[in-house]
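Accompanying notes for the structure given below.
Numbering (full-length UniProt numbering), first residue to last: 1 to 252.
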């Protein structure tokens, strides 16, 4: 594979998420039929998507824990709206960290529906999305923080934390892939760390079946959360207000 082909291959995430120029999209579409590597990447993304359970268990965070996070939220209205749409889209295109996160983990950014559906439609692949009630475009992702595995046993695990605005409501979404399945009362707990203090954002579980996928969503009343870092621990249950278990993921 020559350098030109490698450069076009790197466009596939931008094309799938709609964060590319028209020229780049056309170049990739011409490149795809003759590139086995890109075809494999897209096929793997499809398999992960289809492997996400439609009835994945979601644990509602205790009311007091949710209030802790709500107190930490601050308003950042107008920052995105003040920028021209074209400038905003180009500014968030090709984020460097996307190249370092396994492609499957990026599905977390598309759980509520994205241009990924458009691509699969063009390829005439029929899928059922995890949620058909909300549709999120890349321009509505206000924040995306990559998460790395902190466990030697899950060195290939990864994840993403996002703030998503669908125009009607905002949500803090945490997605992990390749995580160790939970058992019994075990739960993964998401911690927002600010000035050394930890606040729980909620919990989720990972089923034994599948690809170690876990998702947590939490409604927001503002565009941002006040945090310096994000940590995820594996806890004995979902009732703690401070970490008791092993740290499994951390923000990059």
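Built from N, CA and C at the ideal position, the CB exists for glycine as well.
DSSP-derived helix/strand/coil call for residue i
i	result
residue 8	helix
residue 181	coil
residue 113	Only weak support is given to the placement of residue 113: the predicted model assigns it a pLDDT of 38, under 50, and the value that follows is read from those uncertain coordinates. Three-state result, residue 113: coil.
residue 15	helix
residue 229	strand
residue 243	coil
residue 252	coil
residue 152	helix
residue 96	Residue placement at residue 96 is flagged as unreliable, the pLDDT there being 39, under the threshold of 50; a coordinate-derived value is accordingly withheld.
Classification of residue i by the beta-carbon crowding that lies within 10 angstroms, buried from 16 upward
i	result
residue 244	exposed
residue 37	exposed
residue 238	buried
residue 203	buried
residue 208	exposed
residue 168	exposed
residue 160	buried
residue 7	exposed
Whole-angstrom distance between residue j and residue i, CA atom to CA atom
i	j	result
residue 39	residue 31	10 Å
residue 175	residue 229	16 Å
residue 33	residue 155	33 Å
residue 196	residue 182	27 Å
residue 150	residue 247	6 Å
residue 20	residue 11	8 Å
residue 252	residue 193	13 Å
residue 206	residue 212	6 Å
residue 23	residue 163	29 Å
residue 146	residue 226	17 Å
residue 220	residue 249	22 Å
residue 173	residue 218	7 Å
residue 177	residue 198	23 Å
residue 157	residue 27	31 Å
residue 190	residue 180	15 Å
residue 214	residue 222	24 Å
residue 216	residue 9	31 Å
residue 144	residue 41	21 Å
residue 142	residue 165	7 Å
residue 15	residue 148	24 Å
residue 241	residue 200	7 Å
residue 152	residue 171	31 Å
Residue range of the unbroken beta strand (DSSP E) whose run includes residue i
i	result
residue 209	Careful: residue 209 lies outside any beta strand (DSSP E) and carries neither H nor E.
residue 25	That residue, residue 25, is in no beta strand (DSSP E); its alpha helix (DSSP H) goes 22 to 31.
residue 171	170 to 177
residue 162	158 to 165
residue 187	187 to 194
residue 202	197 to 204
Range of the contiguous alpha helix (DSSP H) that encloses residue i
i	result
residue 221	Residue 221 -> no alpha helix (DSSP H), and no H or E assigned at all.
Decide if the region 186 to 201 is in contact with the region 232 to 241; the criterion is three or more beta carbon pairs, one per stretch, under 8 Å apart. Taking a cut-off of 8 Å for Cβ pairs, the region 186 to 201 and the region 232 to 241 touch, as three or more such pairs fall below it.
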